[in-house]
Amino acid sequence: MVDGDLPTSSSADQKTAAAGGTETSSNPDLNTHEDNSNSSQTKFGEDNEDRSSSDFQLKLLSDCESKTDDRESDCRVSESDVNTVKINVNVLSKEKARPESYSCDECGKTMNRQANLDKHMRVHTGQKPFGCGVCGKRFSNKSNLKPHMKIHMGQKEFSCNVCEQKFVKKINLNTHMRTHTGEKPFSCEVCEEKFTRKTNLDAHMTSHTGRKQFGCDACGQKFAQKKHLDTHVRIHTGEKPFSCDVCGQKFTRNGTLSAHMKIHT
Numbered sequence: 001m002v003d004g005d006l007p008t009s010s011s012a013d014q015k016t017a018a019a020g021g022t023e024t025s026s027n028p029d030l031n032t033h034e035d036n037s038n039s040s041q042t043k044f045g046e047d048n049e050d051r052s053s054s055d056f057q058l059k060l061l062s063d064c065e066s067k068t069d070d071r072e073s074d075c076r077v078s079e080s081d082v083n084t085v086k087i088n089v090n091v092l093s094k095e096k097a098r099p100e101s102y103s104c105d106e107c108g109k110t111m112n113r114q115a116n117l118d119k120h121m122r123v124h125t126g127q128k129p130f131g132c133g134v135c136g137k138r139f140s141n142k143s144n145l146k147p148h149m150k151i152h153m154g155q156k157e158f159s160c161n162v163c164e165q166k167f168v169k170k171i172n173l174n175t176h177m178r179t180h181t182g183e184k185p186f187s188c189e190v191c192e193e194k195f196t197r198k199t200n201l202d203a204h205m206t207s208h209t210g211r212k213q214f215g216c217d218a219c220g221q222k223f224a225q226k227k228h229l230d231t232h233v234r235i236h237t238g239e240k241p242f243s244c245d246v247c248g249q250k251f252t253r254n255g256t257l258s259a260h261m262k263i264h265t
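Numbers 1 to 265, taken from full-length UniProt numbering, label the letters of the sequence shown in order.
See below:
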């Protein structure tokens, strides 16, 4: 047969079609596409068991959203699967953004910073690393040392609007204001007596418990309140801090001075 008589590819295809037969395409690009498609389906099936893992979900969402319209058929993931992945990714992002918490082993209180936990632990250990350079008094927090130093410098920036008495700390001013307003926020659970200061309530509670925790070093006598001990100690020291403005006589107790002043009036 002469070269010119050889049948062309198109004529061969026509003969095959006419005979009703099926012939595998000789186009290598088509075969590669089909192989890749089958391979993609197989790999997706193998990885199906790990679809709940965060790494897989993040990669899957990234791959699917980056597909263009002309290759949309290559991403064989339903819309519900994509929505599920997005929800899980949002949850993972929130968990990652959640701040760490630091818990106290003593009382269980939690802090959001290690520095705050270290500061809190001084409550349990009694550590007071900050000392006053003037009087030597020590504090657990630097924030307490700063207002203390104002005492030595004579700074009293918080003033009462009623009597103009001044205070170093605002908390002391707030406590003082109760003397004008009559507010008594601290109440005894036994007899319901009310007090302006927590320290006064604590001292009052000893009257119910009978506990006398303040003892005199000189004679051993015990007192329920420290102010009573301080007054008693003056008997041993001879201190008389209360003086009459008229005659100059001095007394160990303010109550004794008040009684004395009636002589002059």
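Where is the CB? At the ideal position from N, CA and C, for every residue including glycine.
The structure presented is a predicted model; accordingly, all values stated were derived computationally and were not measured.
Could you give the DSSP three-state label for residue i: helix, strand or coil?
{"i": "Ser140", "result": "coil"}
{"i": "Gly248", "result": "coil"}
{"i": "Thr265", "result": "coil"}
{"i": "Gly255", "result": "helix"}
{"i": "Gln14", "result": "Residue placement at Gln14 cannot be trusted, given a pLDDT of 42 that sits under 50; what the coordinates show is reported in the next sentence. DSSP places Gln14 in helix when its eight states are reduced to three."}
Let me check one thing: in DSSP terms, what residues is residue i bridge-paired to?
{"i": "Met111", "result": "Tyr102"}
{"i": "Ser243", "result": "Lys250"}
{"i": "Gly131", "result": "Arg138"}
Assuming residue i contacts residue j under a Cβ cut-off of 8 Å, what Cβ separation, rounded to an integer in Å, is found between them?
{"i": "Ala224", "j": "Thr206", "result": "4 Å"}
{"i": "Phe120", "j": "Lys128", "result": "The sequence given here places His at residue 120; Phe does not occur at that position. Between Lys128 and His120 the Cβ distance is about 14 Å, and since that is not below 8 Å, they are no contact."}
{"i": "Cys163", "j": "Leu145", "result": "Between Leu145 and Cys163 the Cβ distance is about 29 Å, and since that is not below 8 Å, they are no contact."}
{"i": "His208", "j": "Val190", "result": "5 Å"}
{"i": "Val168", "j": "Gln155", "result": "7 Å"}
{"i": "Lys150", "j": "Phe158", "result": "The pair is not a contact, with the Cβ atoms about 10 Å apart (cut-off 8 Å)."}
{"i": "Leu229", "j": "Cys244", "result": "25 Å between Cβ atoms; not a contact."}
{"i": "Cys188", "j": "Met177", "result": "About 22 Å separates the two Cβ atoms, so there is no contact after all."}
{"i": "Lys240", "j": "Phe251", "result": "6 Å"}
Segments assigned alpha helix (DSSP H), at least 4 residues, entirely inside the region 146-233 = 170-181, 198-209
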